[in-house]
Amino acid sequence: MTREHAPVIVAARRTAIGTAGRGFARHAVDALAAPVLAAVAAEVAPAGVPVDDVVLGNCMGPGGDLARVAALRAGLGAEVPGVTVDRQCGSGLDAVIQASSRVRAGDARLVLAGGAESASTAPHRSWPDSGERYARAPFAPPGLPDPDMGPAAQYLAGVRGIGRERQDAWAARSHARAAAARDAGRFDAEVVAVDGVARDDRPRATMDATMLARFAPAFGSARDVTGTVTAGNSCGFSDGAAAMAVATADLARDLGLPALRIRATAVAAGDPALPGLGAAWAGRRALVGAGMTAHDLGFVEITEAFAAQVLAVSDELGLDEETISGDGGAIALGHPWGASGAVLLVRLAARMAADDDARAGLAACSIGGGQGVAMIVERVA
Numbered sequence: 001m002t003r004e005h006a007p008v009i010v011a012a013r014r015t016a017i018g019t020a021g022r023g024f025a026r027h028a029v030d031a032l033a034a035p036v037l038a039a040v041a042a043e044v045a046p047a048g049v050p051v052d053d054v055v056l057g058n059c060m061g062p063g064g065d066l067a068r069v070a071a072l073r074a075g076l077g078a079e080v081p082g083v084t085v086d087r088q089c090g091s092g093l094d095a096v097i098q099a100s101s102r103v104r105a106g107d108a109r110l111v112l113a114g115g116a117e118s119a120s121t122a123p124h125r126s127w128p129d130s131g132e133r134y135a136r137a138p139f140a141p142p143g144l145p146d147p148d149m150g151p152a153a154q155y156l157a158g159v160r161g162i163g164r165e166r167q168d169a170w171a172a173r174s175h176a177r178a179a180a181a182r183d184a185g186r187f188d189a190e191v192v193a194v195d196g197v198a199r200d201d202r203p204r205a206t207m208d209a210t211m212l213a214r215f216a217p218a219f220g221s222a223r224d225v226t227g228t229v230t231a232g233n234s235c236g237f238s239d240g241a242a243a244m245a246v247a248t249a250d251l252a253r254d255l256g257l258p259a260l261r262i263r264a265t266a267v268a269a270g271d272p273a274l275p276g277l278g279a280a281w282a283g284r285r286a287l288v289g290a291g292m293t294a295h296d297l298g299f300v301e302i303t304e305a306f307a308a309q310v311l312a313v314s315d316e317l318g319l320d321e322e323t324i325s326g327d328g329g330a331i332a333l334g335h336p337w338g339a340s341g342a343v344l345l346v347r348l349a350a351r352m353a354a355d356d357d358a359r360a361g362l363a364a365c366s367i368g369g370g371q372g373v374a375m376i377v378e379r380v381a
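Given below as structure tokens:
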């Protein structure tokens with residue numbers, strides 16, 4: 001595939017990210033996705049090219065085809081189809097990958113893609129035989145490891161020797177950078193207001209190492225001094241949506257919009273007991289596909305579900321930590337599961353557009369059950 005025929009991303013937008021139960025507490029997931037889709041569609045409308053499809057990631061919604069419902073709610077027209085993707089926390093990024101494959105193959109010229117999640121309105125679920133409620137579907141079948149992501153992050157921290165002080169320092173960095181970026185207005189252009197909510201509410205400039213040290217280990221008793229993963233160095237349950245247009249390069253040129261060329265994509269899988277490393281497995285495969293090394297990356301966005309997890313991925317890939325989440329990540333902003341992978345691309349687009357560094361960017365997610373998904377993008381001159 002030549003660079004000329006590589007699909008590009010334009011008009012990457014997101015909602016503010018709200019802590020579950022707060023600003024978006026009464027918003028169904030399609031009500032979060034629709035305004036972002038409408039904003040992206042309006043930005044690319046001058047090209048006069050019809051939207052071929054809408055692809056959205058979601059993992060905890062009410063079921064059904066969220067993408068089609070959100071497209072109709074956004075007013076895109078009854079003739080615009082939609083399909084919903086579930087690769088758990090990597091769903092939003094995988095949706096963009098699937099859209100890019102359609103464009104690359106010549107089956108579509110313009111696809112809107114991203115993800116949405118509403119932790120606030122996610123339905124309760126139960127098994128039919130016992131009536132027992134469950135918070136999530138299994139990540140793996142009986143007989144294989146199936147840890148929740150929190151205990152898995154604690155295990156990963158122990159295996160990789162990532163201590164509490166390093167995790168808390170990363171969490172403090174995330175909050176400081178996200179609060180500074182938000183308060184300086186660096187998020188304003190990428191955020192689509194939903195019912196007047198246009199400000200990320202979770203980042204706290206006061207969440208420094210001293211305050212973070214007060215948190216008890218989350219996966220063990222308060223007296224368990226071996227526990228290093230806490231609520232402070234982990235993400236929060238969140239609501240939000242993100243979307244973008246995936247298009248041919250000539251369409252982006254016609255629009256005259258800043259664009260990111262999709263250079264390589266990858267999915268990967270490994271030990272389900274170590275799901276936090278999934279972003280590293282996929283990231284390495286994407287780097288090989290792009291003919292790059294970690295030193296070729298000027299911008300990296302990894303879902304900060306847990307400080308231990310993002311640090312383990314950084315160590316595994318040999319990343320320059322200064323390139324990662326330059327304006328903070330999910331520890332500060334929040335982690336709207338099915339949307340988070342698309343949020344990474346929105347953040348990459350904004351960071352790369354605002355910087356003179358011509359190097360490529362990497363977005364990568366670690367996924368429950370031992371999967372990873374990654375994408376490498378580069379600016380279009």
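For reference, each letter of the sequence shown is one residue, going 1 to 381 in the UniProt record's numbering.
Yeah, the Cβ is synthetic: ideal placement off N, Cα and C, and Gly gets one too.
Rounded straight-line distance, which links the Cα of residue j to that of residue i
i: Ala222; j: Ala216; result: Low confidence applies here, because Ala222 scores a pLDDT of 46, under 50, leaving its location unreliable; read the following figure in that light. Using only the alpha carbons, I get a separation of about 5 angstroms.
i: Met149; j: Pro46; result: 43 angstroms
i: Ala242; j: Pro141; result: 31 angstroms
i: Ser100; j: Trp337; result: 21 angstroms
i: Arg104; j: Val10; result: 15 angstroms
i: Val310; j: Asp250; result: 36 angstroms
i: Ala25; j: Arg285; result: 38 angstroms
i: residue 392; j: Pro35; result: In this structure the chain extends from 1 to 381, so residue 392 is not present and cannot be described.
i: His175; j: Gly115; result: 23 angstroms
i: Gly369; j: Val343; result: 21 angstroms
i: Ala39; j: Arg13; result: 8 angstroms
i: Ala231; j: Ala213; result: 11 angstroms
i: Leu37; j: Met244; result: 8 angstroms
i: Ala67; j: Val191; result: 20 angstroms
i: Val373; j: Ala152; result: 18 angstroms
i: Gly341; j: Gly61; result: 16 angstroms
i: Arg73; j: Ser91; result: 21 angstroms
i: Ala381; j: Leu345; result: 18 angstroms
i: Ala20; j: Val288; result: 38 angstroms
Simplified DSSP state of residue i, which is helix, strand or coil
i: Leu333; result: helix
i: Gln154; result: helix
i: Val10; result: strand
i: Gly75; result: coil
i: Val377; result: strand
i: Gln88; result: coil
i: Ala363; result: strand
i: Glu43; result: helix
i: Leu212; result: helix
i: Met1; result: The predicted position of Met1 is uncertain, since its pLDDT is 48 and thus under 50; a value taken from the coordinates is nonetheless stated next. Met1 falls in the coil class under three-state DSSP.
i: Tyr53; result: Checking the displayed sequence, the identity of residue 53 turns out to be Asp instead of Tyr. If DSSP states are grouped into helix, strand and coil, Asp53 belongs with the strands.
i: Val80; result: coil
Beta-carbon proximity check, residue i vs residue j, cutoff 8 angstroms
i: Ala6; j: Ile262; result: yes
i: Leu297; j: Leu362; result: yes
i: Ser234; j: Gly18; result: no
i: Asp94; j: Val83; result: no
i: Val229; j: Ala157; result: yes
i: Gly203; j: Ala178; result: Note on identity: in this sequence residue 203 is Pro, with Gly being the wrong assignment. Yes; because the gap between Cβ atoms is below 8 angstroms, this pair is in contact.
i: Gln371; j: Ala266; result: no
i: Asp201; j: Arg22; result: yes
Query raised in the report: Is the segment 39-56 close to the segment 67-87, with three or more CB pairs under 8 angstroms?
Result: Three or more Cβ pairs drawn from the segment 39-56 and the segment 67-87 lie within less than 8 angstroms of each other, which places the two stretches in contact.
**Report entry** Runs of alpha helix (DSSP H) wholly within the segment 218-293 (minimum 4 residues, chain order)
**Finding:** Taken in chain order, the complete alpha helix (DSSP H) segments of 4 residues or longer contained in the segment 218-293 are 249-255, 278-290.
Requested in this report: Tell me the start and end of each unbroken beta strand (DSSP E) in the segment 99-145 that is at least 3 residues and wholly inside, in chain order.
Outcome: Listed in chain order, the beta strand (DSSP E) elements of length 3 or more contained wholly in the segment 99-145 are 110-118.
Query raised in the report: Pairing CB atoms from the segment 131-146 with CB atoms from the segment 166-185, are three or more of them under 8 angstroms?
Result: No, the segment 131-146 does not touch the segment 166-185.
Query raised in the report: Would you say the segment 56-67 touches the segment 296-303, given that touching needs at least three Cβ pairs under 8 angstroms?
Result: In short, these stretches do not touch, since the Cβ pair count stays below three.
Query raised in the report: Taking contact to mean at least 3 C-beta pairs separated by less than 8 angstroms, is the segment 310-322 in contact with the segment 352-361?
Result: Cβ pair count under 8 angstroms is below three, so no.
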